[in-house]
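To start, the structure itself, in structure tokens.
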Amino acid sequence: MKVLLIGLVGAIGALTRYEMSKAIHRRTARADQATMTVNLVGATALGFVVGIDHRAPLDPAILAAVTVGFLGGFTTFSTWMVDVVVLAEEGGPGRLRAALNVGTTLAGGIVGYGLA
Amino acid sequence: MSRKWILRAVVLAGGFGGSSARFLVQEAADGNSFPWGTLLANVLGAFLLGFLTGRRRGRSELAAAGLGVGVIGAFTTFSALMGQISSMSLPAAVIYGSLSILLGLAAAVSGIRLARTSG
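Chains P and R, in that order, are what the protein sequence lines are. To get this note's numbering, take the position in the first sequence, counting from 1, and add 18. To get this note's numbering, take the position in the second sequence, counting from 1, and add 75.
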């Protein structure tokens, strides 16, 4: 069943996000930067996969597993939103960081997706 | 099983649930013209994660990993949002993008506030 496949691959996507975020957070101590990196990598990867599919159509099940499954589980909207709110609540440079985060993530995501 | 692997296991389990649920919501509600399903999942997820994050009592690394990173993290998606925005006309993309972010932020704030007031 399609949902089962997507669930399984999505689980791996989530674990990959977890490990990657931990590694980045260890280095930068900024959870928001970890989320942004994961999301921009994921959006760019999606653009590449979709681009490949346009030129040489992939098996629909594999395409769904990679895009909806893995990349859908790898990237996250909720963590991004909470990150921004937490940044804004910090006060001081927090509000500027929050605004920059939204702009950079959105612009970076669209540009990244369109790179391929 | 070591703590590290227990945390990974709950992330996997949560990720399975979240991804499956997201897929079902998208299949049910993402229209040809407007991705209502993705919008719903993303905004709902932002609210839930806000609530989870805003709690003062009952917080645990296990819940953060399993529910936060796993279920809710996988339930919402940034990549699909980018793909959808990029395939829309400019006016629709602006509406969808703005709606996603504005509702998403409002949902996160609401979730955090609700968690703080309910203790």
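Note that the Cβ used here is the ideal one computed from N, Cα and C, for glycine as well. None of these values were measured; they are calculated from a predicted model.
- Listed in chain order, the positions of the segment 78-94 of chain R with a beta carbon within less than 9 Å of a beta carbon of chain P are Leu82, Arg83, Val86, Leu87, Ala88, Gly89, Gly90, Phe91, Gly92, Gly93 and Ser94.
- Residue contact check for R/Arg97 against chain P: a CB pair falls below 8 Å.
- Taking the C-beta atoms as reference points, R/Ala183 is found nearer than 8 Å to R/Gly125.
- For P/Phe66, no chain R residue has a Cβ inside 8 Å of its Cβ, as the nearest lies near 11 Å away.
- About 6 Å separates the beta carbons of P/Leu133 and P/Gly65, which is inside the 8 Å limit, making them a contact pair.
- In summary, the residues of the segment 152-173 of chain R whose CB is separated from some CB of chain P by less than 8 Å are Thr152, Phe153, Ser154, Ala155, Leu156, Met157, Gly158, Ile160, Ser161 and Gly172, in the order they occur in the chain.
- Across the segment 129-149 of chain R, CB contacts with chain P closer than 8 Å involve Ala140, Gly143, Val144, Gly145, Ile147, Gly148 and Ala149, in sequence order along the chain.
- R/Pro110 sits in a strand when the DSSP states are folded into three classes.
- A direct Cα-Cα distance of roughly 38 Å separates R/Val85 from P/Arg73.
- The alpha-carbon of R/Leu127 is positioned some 15 Å away from that of R/Leu180.
- Contacts with chain R at 8 Å (Cβ-Cβ) include P/Met99.
- For P/Val86, there is no enclosing alpha helix (DSSP H), as DSSP marks it with neither H nor E.
- In the three-state DSSP reduction, P/Asp77 falls in the coil class, being neither helix nor strand.
- Between R/Arg131 and R/Arg188, the C-beta gap is not smaller than 8 Å, which leaves the two residues out of contact.
- If you ignore the 5 residues before and after P/Gly69, its C-beta comes within less than 7 Å of the C-beta of Ala134, all in its own chain and listed in chain order.
- In chain order, Val146 place their CB closer than 6 Å to the CB of R/Gly92, counting only its own chain and leaving out the 5 sequence neighbours on each side.
- Here R/Phe153 is not near P/Asn119, since their CB atoms are 8 Å or more apart.
- With contacts defined by Cβ atoms closer than 8 Å, P/Ile30 and P/Phe88 form a contacting pair.
- When C-beta distances to chain R are compared with 7 Å, the residues of the segment 24-37 of chain P below that value are Ile24, Gly25, Leu26, Gly28, Ala29, Gly31, Ala32, Leu33, Arg35 and Tyr36, in chain order.
- Within the same chain, Cβ atoms closer than 8 Å to the Cβ of R/Phe109 are found at Ala167 and Tyr171, the five residues on either side in sequence being excluded.
- Take the alpha-carbon of P/Pro111 and the one of P/Val102: they are about 12 Å apart.
- Taking P/Leu26 as the centre and dropping the five residues before and after it, the same chain places the C-beta of Gly87 closer than 8 Å to its C-beta, in chain order.
- Within the segment 68-102 of chain P, the residues whose Cβ lies closer than 7 Å to any Cβ of chain R are, in chain order, Val68, Val86, Gly87, Leu89, Gly90, Gly91, Thr93, Thr94, Phe95, Ser96, Thr97, Trp98, Met99, Val100 and Val102.
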